[in-house]
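The structure appears right after this line, and notes come after that.
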Amino acid sequence: MDETLPPKTVFIYNPAAGAGEASLHLDDFEKLINKRWEFKSLCTDKDFVSEQVRELCEKGYNRIIVSGGDGTVREVINGVMISTRNPIVGIIPQGTGNDLARALGYYKKFMNNPLMYMNDLIAGMEKPKYRFCRILSLNGKVYFANYLGIGFDARIARKFHEKRFLPLYNRLIYLICIINNLHFKVKEQIRISFKDTESRLYEETIENFKNLLLINIPSYGGGLIKIEDIDLKGNTFHLMFMKGIPEMLFFLLRGKLPETLLPGRRFEIYKTDEVEISLPHNKVFIQIDGEDFTGRTGDCIKLTVKTAGKIKFFL
């Protein structure tokens, strides 16, 4: 098992994340590790991160620290999943949403004291304690940990991606994108098929809807929404379908107000380990872990999302 071997650590960072602070944390981390174990750093190349990580895993790097946002973390997860090894992963949250870091309890610790957080990571390198986190796959080729959305949130992801390089605070840009697209709906027909935890089969064609969301972790929208009953170690994820703004309001305010006071309409939440989604074309808005994925499935209009395995993350 990789965790029983001497630590061989790689620090992967996105130079664009955290207003350039990701590379500053590299210097701090390298000083803290103080040449105790084999160590190298890797500046991400967005087109090759997964393959770079896979190669590092095969070379025996068994401790991976990634400094970046959810998009960079997803690429690292891809690299680990396509490798034959099983390293332990740690996150230095540097993105806009940082939902996986929030779900794993990293975000608050890091924001409270970055140096103490990194020192704790290093202290756990030699005899690491870790937890497992379920990973999902899209058509057996793309791996991710957070969520996949079709519709409103995916359109927001695309619009945000187009504007995020403006000299404005990222969260302000995100809010502007939400307001400008508030009335967007998916007009096309989309067919979904899945079995719930009781093996009941659901097959439905949906159209003129706000959002279809497959969510795998208890944090969504940069911690805006917390879904307490999602178990990171289990075998199922949640499927949510929101027809319009009333359901979106219920989703956004769920957990913040007593259910009797919630505005909007309730909606069904299903638990499953596999969903098939048939799209009319490949231009339907899709997001994965908050990153625009529209059109990136090629000519494939049938999507299969399912539980694909688990990755070890530092406690």
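In my numbering, the protein residues as written are 299 to 613. The beta-carbon is built from N, C-alpha and C at its ideal position, and this holds for glycine as well. Values in this document were obtained by computation on a predicted structure and should not be read as measured data.
- Message: Please give the ranges of any beta strand (DSSP E) in the stretch 343-397, keeping only runs that are unbroken, at least 3 residues long and fully inside the region.
- Response: 361-366, 386-391
- Task: Please report the residue range of the alpha helix (DSSP H) in which histidine 459 lies.
- Result: 450-461
- Message: On the DSSP letters alone, give me the boundaries of the beta strand (DSSP E) that cysteine 431 sits inside.
- Response: 428-436
- Message: Between Gly449, Thr394, Glu336, Ser491, which has its C-alpha nearest lysine 581's C-alpha?
- Response: Gly449
- Query: By Cβ distance below 6 Å, which residues in the same chain neighbour histidine 323 in space, the five residues on each side in sequence not counted?
  - Reply: Ser365, Ile390
- Query: Run through DSSP, which three-state label would cysteine 598 get?
  - Reply: coil
- Item | Exposed unless 16 or more other CB atoms sit within 10 angstroms - verdict on methionine 538 | buried
- Segment limits, beta strand (DSSP E) that includes asparagine 509: 509-513
- Take alanine 399 and list the residues in its own chain whose beta-carbon comes closer than 6 Å to its own, dropping the five residues that flank it on each side. Ile389, Pro391, Tyr405
- Query: When every heavy atom of the ligand SAM is checked, does at least one fall within less than 7 Å of the C-beta of tyrosine 359?
  - Reply: What this structure holds is no ligand at all, so the ligand SAM is not there to describe.
- Using three-state DSSP, classify aspartate 326 as helix, strand or coil. helix
- Message: Let's test the definition: count the other Cβ atoms within 10 Å of the Cβ of arginine 564 and tell me whether it reaches 16, buried, or not, exposed.
- Response: exposed
- Item | Coarse secondary structure for serine 321, derived from DSSP in three states | helix
- Query: Going straight from the alpha carbon of glycine 422 to that of glutamate 353, what length do you get?
  - Reply: 24 Å
- Message: Is there a C-beta anywhere in chain B that falls below 8 Å from the one on phenylalanine 583?
- Response: No chain B is part of this structure, which consists of one protein chain only.
- Excluding sequence positions up to five away, which residues of its chain have a Cβ less than 7 Å from the Cβ of lysine 493? Leu499, Thr570
- Message: Our contact map puts leucine 577 next to isoleucine 488 with C-beta atoms below 8 Å; I'd like the distance itself, whole angstroms only.
- Response: 6 Å
- Message: My output table needs one value for threonine 534: the three-state DSSP class, helix, strand or coil.
- Response: coil
- Query: How would you call asparagine 533, buried or exposed, if buried means at least 16 neighbouring beta carbons within 10 angstroms?
  - Reply: exposed
- Do the stretch 321-337 and the stretch 304-313 make contact, defined as three or more Cβ pairs closer than 8 Å? yes
- Query: When you compare only the Cα positions, how much space is there between alanine 401 and histidine 579?
  - Reply: 33 Å
- From which residue to which residue does the alpha helix (DSSP H) around lysine 306 run? No alpha helix (DSSP H) holds lysine 306; the beta strand (DSSP E) holding it covers 306-311.
- From lysine 508 to phenylalanine 535, what does the alpha carbon distance come to, in whole angstroms? 20 Å
- Message: Please tell me whether arginine 429 and leucine 613 are closer than 8 Å, where the distance is taken between their beta carbons.
- Response: yes
- Message: Is it buried or exposed, lysine 283, if we count other Cβ atoms within 10 angstroms and call 16 or more buried?
- Response: An answer regarding residue 283 cannot be provided, because it is not within the stretch 299 to 613 covered by the chain.
- Contacting residues, own chain, Cβ-Cβ under 8 Å from phenylalanine 501 (five flanking each side not counted): Note that residue 501 corresponds to glutamate in the displayed sequence, not to phenylalanine. Cβ within range, chain order: Arg489, Ile490, Ser491.
- Where do the ends of the alpha helix (DSSP H) carrying threonine 549 lie? Correcting the residue identity first, residue 549 is phenylalanine in this sequence and not threonine. Per DSSP, phenylalanine 549 belongs to the alpha helix (DSSP H) from 543-551.
- Item | Residue(s) in a DSSP beta bridge with serine 517 | Lys524
- Helix, strand or coil at threonine 302 according to DSSP, with G and I counted as helix: helix
- In three-state terms, what does DSSP make of lysine 333? coil
- Buried/exposed call for glutamate 460, threshold 16 Cβ in 10 Å: exposed
- Message: Can you tell me whether phenylalanine 408 is helix, strand or coil according to DSSP?
- Response: helix
- Task: Taking 8 Å as the threshold, find out whether the stretch 346-363 comes into contact with the stretch 474-485 through three or more Cβ pairs.
- Result: no
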